[in-house]
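Taken in order, the sequence shown gives residues 0 to 273; the numbers are from numbering that gives the first Met the number 0. Here's the structure we're looking at; comments come further down.
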Amino acid sequence: MKFQLGLILLAFAPIAAAQQKLFDNHVHIWEGEKSVKEYLAQADADGLKVTRFGAIHMARLGKLDETRRKNDELIELSKKYPQLMPIPSVHPYDGQAALAELGRLAGRGVTAIKIHPHTQNFDVTDPRVPALCKLAGELGIVVMMDNANIIPGDSEKLFNLAVAVPKTKFLFAHMGALNFRFWNIIPLVRTTKGFWSDNIWFDISAVAYIAADSPIEAELVWTIRNVGVDRVILGSDFPQMSLATALGAFEKLDLTDEEKARIRFENARQLFRQ
Ligand SMILES: [Zn+2]
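What follows is the structure in structure tokens.
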């Protein structure tokens, strides 16, 4: 009997271990290693073990040396901290220099970059943006973009960008924030023939925090299932929010254990080829 119980426990052990894995794709590393240490110490103090995290910095327009140095810094940090996945950045308005930097980053094994229409002050409809995103797709690099709807027409512009650059995988952070309802268009466009290439993923940093314990919580869960549970990724947006806070909000959502495990870890692992 004891032996059988042991076998049963063994059989379930991999599932239990998989459920505990955490991939936080949205961690701002503003101050190099100092930020990494602060992030990991905070998670540790909250009793959390981070399996993988996406370390982000934002490139500034015209500061090409600084951009390369900061991108390299993230890549070097990933050697010292095996949990760290570098998410470097370029500025789309740097044109050819941005494209060259993207090629260099691909050569160094980067699988995702972040660009931010609000922080970097660019217009998503500018032709330099799809040009950059197209090359990223060709290089196998996921393009993460802010989607907090701070900018008017944010989700609409991002939707059209994803349509214009169908072979690139996009990850839209915050899933539209309080305008997340917009993305329920996705199950509808999936019914079109030859139009939609289904190339959008989302992180639910901030939006899960806003929606948890609110009148719109059920709508967010409905949206997550509509865009696809396999398309949604956990994120904290550290230092704005701790991983424990983000995770606490996420755990309140009425999703199944299997769905939560995918969002906590597996979806990001697959998208970023980790
Ligand atoms: Zn952020």
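Beta carbons: idealized from backbone N, C-alpha and C, even for Gly.
*Near Leu-177, what residues of its chain come up, given a Cβ to Cβ distance below 8 Å and the 5 sequence neighbours on each side ignored?*
Once the five neighbours on either side are set aside, the close Cβ partners of Leu-177 are Asn-148, Val-206, Ile-209.
*What is the residue span of the beta strand (DSSP E) that Leu-83 lies within?*
83-86
*Report buried or exposed for Ile-14, applying the criterion of at least 16 other Cβ atoms within 10 angstroms of its Cβ.*
For Ile-14, the pLDDT reaches just 44, beneath the cut-off of 50, and the residue's location in the model is therefore unreliable, although a value from the coordinates is still provided. Burial call: exposed.
_To the nearest angstrom, how far is the alpha carbon of Phe-22 from that of Gln-269?_
11 Å
*Hey, which unbroken runs of the beta strand (DSSP E) at 3 residues or more fall wholly within the region 156-239?*
Complete beta strand (DSSP E) runs here, min 3: 169-172, 199-202.
*Is it the case that the CB of His-117 approaches a heavy atom of ligand 1 more closely than 7 Å?*
no
*Does ligand 1 have a heavy atom nearer than 7 Å to the CB of Asp-229?*
no
_Sequence-distant residues of its chain with Cβ nearer than 8 Å to Phe-194 (five each side left out)_ = Excluding positions up to five away in sequence, the list reads Val-162, Val-188.
*In whole angstroms, what separates the C-alpha of Leu-73 from that of Ala-58?*
Cα to Cα, the separation comes out at about 12 Å.
*Name the DSSP bridge partner or partners of Met-144?*
According to DSSP, which records beta bridges pairwise, Met-144 is partnered with Ile-114, Phe-171.
*Phe-264 and Val-231: beta carbons closer than 8 Å?*
Cβ atoms of Phe-264 and Val-231: not closer than 8 Å.
*Please go through the same chain and pick out, in chain order, the residues whose beta-carbon is closer than 8 Å to the beta-carbon of Phe-249, but skip the five residues on each side of it.*
Ile-203, Ala-207, Ala-211, Leu-233, Lys-259, Ile-262, Arg-263
*Trp-221 classed as buried or exposed, judged by whether at least 16 other C-beta atoms fall within 10 angstroms*: Trp-221 comes out exposed.
_Looking only at its chain, what residues have a beta carbon closer than 7 Å to the beta carbon of Ala-10, apart from the 5 residues adjacent to it on each side?_
Per-residue confidence for Ala-10 stands at a pLDDT of 47, beneath the threshold of 50, marking its modelled position as unreliable; the derived number appears in the next sentence. Cβ within range, chain order: n/a, list empty.
_Same chain, Cβ closer than 7 Å to Val-226, five either side skipped, listed in chain order_ = Trp-182, Ile-185, Phe-201
*Could you check what DSSP says for Phe-249 in three-state terms: helix, strand or coil?*
helix
*Write down the C-beta distance between Ile-150 and His-173 rounded to the nearest angstrom, noting that I regard them as a contact closer than 8 Å.*
A Cβ-Cβ separation of about 12 Å leaves Ile-150 out of contact with His-173 under the 8 Å criterion.
_Suppose you measure from the CA of Arg-272 to the CA of Leu-104; what does that come to, to the nearest Å?_
Arg-272 and Leu-104: Cα-Cα distance of roughly 16 Å.
*Would you report the Cα separation of Ser-235 and Leu-170, rounded to the nearest angstrom?*
15 Å
*Output yes or no for whether 8 Å exceeds the beta carbon distance between Pro-167 and Ala-135.*
It is Thr, not Pro, that sits at residue 167 in the sequence shown. Going by C-beta atoms, Thr-167 is nearer than 8 Å to Ala-135.
*Beta bridge counterpart(s) of Asp-23 as assigned by DSSP*: Phe-52
*Arg-67 vs Glu-37 beta-carbon contact at 8 Å*: no
*For Thr-50, which option in Cys-132, Tyr-80, Glu-257, Pro-214 has the closest C-alpha, if you only look at C-alpha atoms?*
Tyr-80
*Is DSSP giving Pro-151 helix, strand or coil here?*
coil
*To the nearest angstrom, how far is it from the Cα of Glu-155 to the Cα of Asn-198?*
15 Å
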